[in-house]
Structures are given as structure tokens and as C-alpha cells.
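Q: Numbering (the working numbering), first residue to last: 9 to 320.
All C-beta atoms in this analysis are idealised placements derived from N, C-alpha and C, irrespective of residue type, glycine included.
Predicted model only: the values in this text are computed from it and were never measured.
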């Protein structure tokens, strides 16, 4: 059997190695260009979104107008609705053409902390800009934490079929102890501190822990009630069920003082502010935040708040 000379084997080896390197290099360049095009696309979208935000908030508009800022969805860190509300209000107050500001509310409520922060910030902004009226116009619903925020504004309007109120607090959770017993699962929990592990869904309910939770919820409820009383003043007709957590229609709200009147965004701009031109000041949600939500990254964050305290 004839063997190939060493020089032939060496040549073949070199040619094969060169071909392999060329293929590897071509694949690397292909990946590089794909990533480059993806980066360019992401940058263009981000610039477009940022440009719209600057166009909304950065310019001083000619003539007078009514500024509109949205409060949409659950009030939570994940949704970021309260932060975007405050950013929009600050931009609207800065604009020299703003005759009045409307918070267009469509929210079931949410975090008592974020609602309280927004309430305090709105009162600060009103004090700094007393000449510019700020009102809330409820469209579908403004309940719990949303109403907490709305109570800080000068007036609250709604449609006759809008949902308002729900001045209450809840802290919920689940108990899996019976299911664990049926499955033969034993909970092994080690804590330091007699109240550590409070609200653990895999342990039996502890009367002392439940009493603490009730105390926390009642305290937050008291803060909510005080904010509503302070914001609404003598307009509020307090009854036995005012702070019970129930909701009312907008038409009912005009009778108990939760609502000042029945109106809409356009009607308030036209009849109260005398500035029919509506200008949106709600900041767009950041591109990264929107992309993260679309990719489902925030699922884990939402799960961590499953047993949290909220208004709705």
C-alpha cells in the first residue's frame, strides 16, 4: 500500500486548516454584522421614543393649552405609572402655555406607598404653582390608590358611570397547609425572631402574626382616610360606608362628595380652563422597560409582590 509523501500530507493539512479558519472567520463576521444591525435598530427605536418624549416635554408651546397627564393601570413599581404621572406633571407645570392641568385617571389602585408619595408630591407642586389649576377627570375607574392620588387635586370629575372610591386597604395571601398534608410535605422553617416568617403560606396561621397584619393594615387605612379628608375638606359627606372600601358610580359620587361634578377631559378644558387645545404630557414608557415586559422579565418581580399590601 502506497503512502503519500510527507509533503503531500502536510499540504493537505494546511489547506484543510486554512479552509476551516476561513469558515470560522466568515461565521464570526456574519454574527458581528447581525449584532451590529440589531444594535442599530435598537438605537433607532430608542432615539425615536426619546425624541417623542422631548418633543412632548421639552418644548415651550405657542399659545395657551390644557395639559393632560395620564394615570393608567395598577400603581406599582412594575407599571411605573405614578413616576410617569409626576414626571408629566412637572413638565406641564414648567410649560409657560399651560392654562390648567388634567390628570386623566384610569386605575384600580395599587401600592399605598407609591400612592402616598404621589399625593405628597402633587400637593407640593400645587403649592409651588398656585396659579395653575389641577383637576382629576375619571374615565373608567379611579379607585383605592388612584383615588388617594386624586384627592390631592383641586377638583375631581367623573362620568356618571365611572367607578370611584374603594377607600380601603387589603393585605392578602394564601395558605397551603392542608394541601401539604395531603401530599405528605413537611414544612421545615428556621427563624431568628418570634415574628420572622410572618405571612408564610406554608405554615399555619399564627394569631399573633394576624393581629400584627391587622394593625399594619388599619394604620395604612387611617393614613388613607386622613389624606382624603384633607384633600376633599367640607365637600366630603362622611357616612358609615364612606371609608368601608366600597365603590360608587360617578353620579353617586356627586352626592356624597367624592366627586365634584360630571364632566370629561374636553369639557373641563373648554368650560373650566377656557383652553380647548389639549396637549399630552404623559411620558412614554422607556424602551428598555417596555422590552423587558414583552420578554417577560418582570414576571419574577411581580411574583415577589404576591403577598404585599395594596389598596385594590
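To which residues of the same chain is residue 269 closer than 7 angstroms at the C-beta, ignoring the five residues directly before and after it?
A: What you label residue 269 is simply residue 261 of the chain shown in a count that begins at 1. So the qualifying residues of the chain are 165 and 262.
Q: Roughly how many angstroms lie between the CA atoms of residue 200 and residue 211, to the nearest whole one?
A: Taking the chain shown and counting its residues from 1, the one referred to as residue 200 is at position 192. Taking the chain shown and counting its residues from 1, the one referred to as residue 211 is at position 203. About 16 angstroms.
Q: Out of 152, 187 and 190, point me to the one whose CA is closest to residue 172's CA.
A: Numbered from its first residue, the chain shown carries residue 172 at position 164. Out of 152, 187 and 190, 152 has the C-alpha closest to the C-alpha of residue 172.
Q: Taking 8 angstroms as the threshold, find out whether the segment 273-293 comes into contact with the segment 72-82 through three or more Cβ pairs.
A: Flag = yes, the segment 273-293 and the segment 72-82 touch.
Q: Since residue 142 is in the beta strand (DSSP E), which residue starts that stretch and which ends it?
A: Along the chain shown, one-based indexing puts residue 142 at 134. Unbroken beta strand (DSSP E) run through residue 142: 142-151.
Q: Run the CB neighbour count on residue 118, radius 10 Å, all protein chains shown included, and call it buried at 16 or more, exposed below.
A: As a working note, residue 118 is residue 110 in the chain shown. Burial call: buried.
Q: Which residues bound the alpha helix (DSSP H) around residue 221?
A: Your numbering for residue 221 matches position 213 in the chain shown. Unbroken alpha helix (DSSP H) run through residue 221: 215-240.
Q: If you draw a straight line from the C-alpha of residue 103 to the C-alpha of residue 96, how long is it?
A: Numbered from its first residue, the chain shown carries residue 103 at position 95. Numbered from its first residue, the chain shown carries residue 96 at position 88. Straight-line Cα distance between these residues: approximately 11 angstroms.
Q: From residue 8 to residue 216, what distance separates their C-alpha atoms?
A: No statement about residue 8 is possible, as the shown extent of the chain runs from 9 to 320 and does not include it.
Q: Enumerated in chain order, which unbroken segments of the beta strand (DSSP E) with a length of 3 residues or greater are wholly contained in the segment 86-170?
A: Those beta strand (DSSP E) runs which fall completely within the segment 86-170 and span 3+ residues are 106-115, 142-151 and 163-166.
Q: Looking at C-alpha atoms only, which residue of 225, 207 and 240 is the closest neighbour of residue 197?
A: For this step, residue 197 is matched to residue 189 along the chain shown. Closest option to residue 197, Cα to Cα, is 207.
Q: Using three-state DSSP, classify residue 30 as helix, strand or coil.
A: Your numbering for residue 30 matches position 22 in the chain shown. Helix at residue 30.
Q: By Cβ distance, which residues of its chain are closer than 7 angstroms to residue 67, with the 5 residues on each side in sequence left out?
A: Taking the chain shown and counting its residues from 1, one reaches residue 67 at position 59. Confidence at residue 67 is low in this model, with a pLDDT of 46, below 50, so the placement of that residue should be treated as unreliable; the coordinate-derived value is given next. Cβ within range, chain order: n/a, list empty.
Q: Do the segment 144-161 and the segment 106-123 touch if we need at least three Cβ pairs shorter than 8 angstroms?
A: With a cut-off of 8 angstroms, the segment 106-123 and the segment 144-161 count as touching, because enough Cβ pairs lie within range.
Q: Which first and last residues belong to the alpha helix (DSSP H) in which residue 191 is found?
A: For the purposes of this step, residue 191 is taken as the residue at position 183 of the chain shown. Element bounds for residue 191: 185-191.
Q: Am I right that residue 229 and residue 176 are in contact with their C-beta atoms under 8 angstroms? What's the rounded C-beta distance?
A: On the chain shown, position 221 is the one that residue 229 refers to. On the chain shown, position 168 is the one that residue 176 refers to. Indeed they touch by this definition, with Cβ atoms about 6 angstroms apart.
Q: Hey, residue 185 and residue 111 are a contact pair by Cβ (cut 8 angstroms); roughly how many whole angstroms apart?
A: Numbered from 1 along the chain shown, position 177 holds the residue referred to as residue 185. Numbered from 1 along the chain shown, position 103 holds the residue referred to as residue 111. Residue 185 to residue 111, Cβ: 44 angstroms. No contact.
Q: Which of the three DSSP states is assigned to residue 75 in this structure?
A: Within the chain shown, numbered from 1, the residue matching residue 75 stands at position 67. Of the three classes helix, strand and coil, the one that applies to residue 75 here is strand, per DSSP.
Q: Buried or exposed for residue 39, going by 16 or more other Cβ atoms inside 10 Å?
A: Counted from its first residue, the chain shown places residue 39 at position 31. Counting Cβ neighbours within 10 Å, residue 39 comes out exposed, since fewer than 16 surround it.
Q: Could you round the C-beta distance between residue 4 and residue 259 to whole angstroms and report it? I think they count as a contact, below 8 angstroms.
A: No information on residue 4 is available, as it lies outside the stretch 9 to 320 that the chain covers here.
Q: With a CB to CB cut of under 7 angstroms and the five nearest residues on each side skipped, what residues in its chain are close to residue 195?
A: Against the chain shown, residue 195 aligns to sequence position 187. Answer for residue 195: 188, 210 and 211, listed in chain order.
Q: Would you tell me roughly how many angstroms separate the C-alpha atoms of residue 33 and residue 100, rounded to the nearest one?
A: Locating residue 33 in the chain shown gives position 25, counting from the first residue. Locating residue 100 in the chain shown gives position 92, counting from the first residue. Roughly 54 angstroms between the two C-alpha positions.
Q: Check residue 267 in the structure and name its three-state DSSP category.
A: Numbered from 1 along the chain shown, position 259 holds the residue referred to as residue 267. Looking at residue 267 - three-state DSSP - the assignment turns out to be coil, as it is neither helix nor strand.
Q: Sort 42, 242 and 266 by Cα distance to residue 249 and report the nearest one.
A: Taking the first residue of the chain shown as 1, we reach residue 249 at position 241. Per the Cα distances, 266.
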